[in-house]
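Student: Numbering (the numbering used here), first residue to last: 3 to 355.
Got a structure for you, questions after.
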């Protein structure tokens, strides 16, 4: 029996702050050795117009997390407590937006996050907030990074194939603003311009006929880029989770995109026969993916619009881009692709009849 994405919704916290507001707030908080000129250059090239944060940038809490002068700030314990406080309501908001008339019967809950590490985990907190049955099956997919939505969708899909009566709720929730670093390293300055907070929720279930969003799961793909394990890392330190980025990432990911396309569509099928929802790790990655797949100019505009609207929200982002595709009238195939440490590219192919 076909398996469908029957509902999809997203949520962001509070009100957005513009790129200019972000620069004005973060610049006095940069590390003393940070290069302010490079910080501004990264901002100009980010193609991020606005972002959202669970922290009120004018609050005393934000001052504790990011003090003036860029030295000190909250430790990882305080950041974990903040995640435990802010993530469940944001995740719930995404679910409510996906299912405005109620979630109905849910048999499994799968959550993804790489910006908080607490137990009981988000999957338990969310199930309780939604009032789900205590016997609901729960799975937390943690610390996989920006591509985690794809393994979560895959797990939900396989659950429905194994048990056609299953109805699986998948929620991706990331609070990257808790872990922005004010430098001095270039990758920290770059991340401070790209990442924002957000959540996305979908329901996966079987149906003999088209249901909900009308996106039917067709095929999946996964590729590890060779000799790239040290090009991206996301590590826990006493003060914060720290992101490390290599300048070789774009080239490595571009190299595996044709292989992803071959897995999803077939070796001799042009990538342009499908639409593409590509995770915007940054504007250069989108440019490289478009070239590697030989896509017409503008093919990745939904990804660029989401990057501009709310930045890179890590794992929820590819689902927000999917929602953006659904705003348009079309039928056919859509490839969801996201990237993360490994380096890995993971993908799901869906069809809109």
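C-beta atoms are modelled at their ideal positions from N, C-alpha and C, and glycine is treated no differently.
All values derive from a computational prediction rather than experimental measurement.
Go ahead and pull the three-state DSSP assignment for residue 278.
Tutor: strand
Student: Enumerated in chain order, which unbroken segments of the alpha helix (DSSP H) with a length of 4 residues or greater are wholly contained in the region 188-220?
Tutor: 188-196
Student: Per DSSP, what kind of secondary structure is residue 232 in: helix, strand or coil?
Tutor: In the three-state reduction of the DSSP assignment, residue 232 falls in the coil class, being assigned neither a helical nor a strand state.
Student: Grab the span of the alpha helix (DSSP H) containing residue 286 for me, first residue to last.
Tutor: Note, residue 286: alpha helix (DSSP H), 285-294.
Student: Could you tell me which residues DSSP pairs with residue 339 in its beta bridges?
Tutor: Residue 339 is bridged to 280 and 349.
Student: By the DSSP assignment, the beta strand (DSSP E) with residue 243 in it spans what residues?
Tutor: Membership of residue 243 in the beta strand (DSSP E) is indicated by the continuous run 243-247.
Student: Going by beta carbon distance, what residues of the same chain come within less than 6 Å of residue 145, once the five residues before and after it are set aside?
Tutor: 116
Student: Would you list the residues sitting across from residue 169 in a DSSP beta bridge?
Tutor: 207
Student: In whole angstroms, give me the CA-to-CA distance for residue 136 and residue 194.
Tutor: Roughly 39 Å separates the two Cα atoms.
Student: Tell me, to the nearest whole angstrom, how far the beta carbon of residue 336 is from that of residue 352; I am working on the premise that it is less than 8 Å.
Tutor: 5 Å
Student: Where does residue 239 land, buried or exposed, given buried means 16+ other C-beta within 10 angstroms?
Tutor: exposed
Student: Would you kindly work out how many angstroms separate the C-alpha atoms of residue 355 and residue 165, rounded to a whole number?
Tutor: 24 Å
Student: According to the Cβ coordinates, are residue 93 and residue 201 closer than 8 Å?
Tutor: Yes; because the gap between Cβ atoms is below 8 Å, this pair is in contact.
Student: How would you label residue 132, buried or exposed, when you count the other beta carbons within 10 angstroms and need 16 or more for buried?
Tutor: buried
Student: Please report how far the alpha carbon of residue 13 lies from the alpha carbon of residue 280, in whole angstroms.
Tutor: The straight-line gap from Cα to Cα measures roughly 19 Å.
Student: Taking the alpha carbon of residue 72 as the reference point, which residue from 29, 55, 102 and 114 has its own alpha carbon closest?
Tutor: Among 29, 55, 102 and 114, the Cα nearest to that of residue 72 is on 29.
Student: I believe residue 151 touches residue 110 by the beta-carbon criterion, under 8 Å. Please report the beta-carbon distance rounded to the nearest angstrom.
Tutor: Cβ atoms of residue 151 and residue 110 stay farther apart than 8 Å, at about 16 Å.
Student: Compare the beta carbon distance of residue 172 and residue 155 with 8 Å and say whether it is the shorter of the two.
Tutor: yes
Student: Out of 31, 17, 102 and 291, state which residue places its alpha-carbon closest to the alpha-carbon of residue 8.
Tutor: 102
Student: On the DSSP letters alone, give me the boundaries of the alpha helix (DSSP H) that residue 181 sits inside.
Tutor: Neither: residue 181 is in no alpha helix (DSSP H) and is coded neither H nor E.
Student: Report the rounded CA-to-CA distance for residue 33 versus residue 120, giving the unit in angstroms.
Tutor: 28 Å
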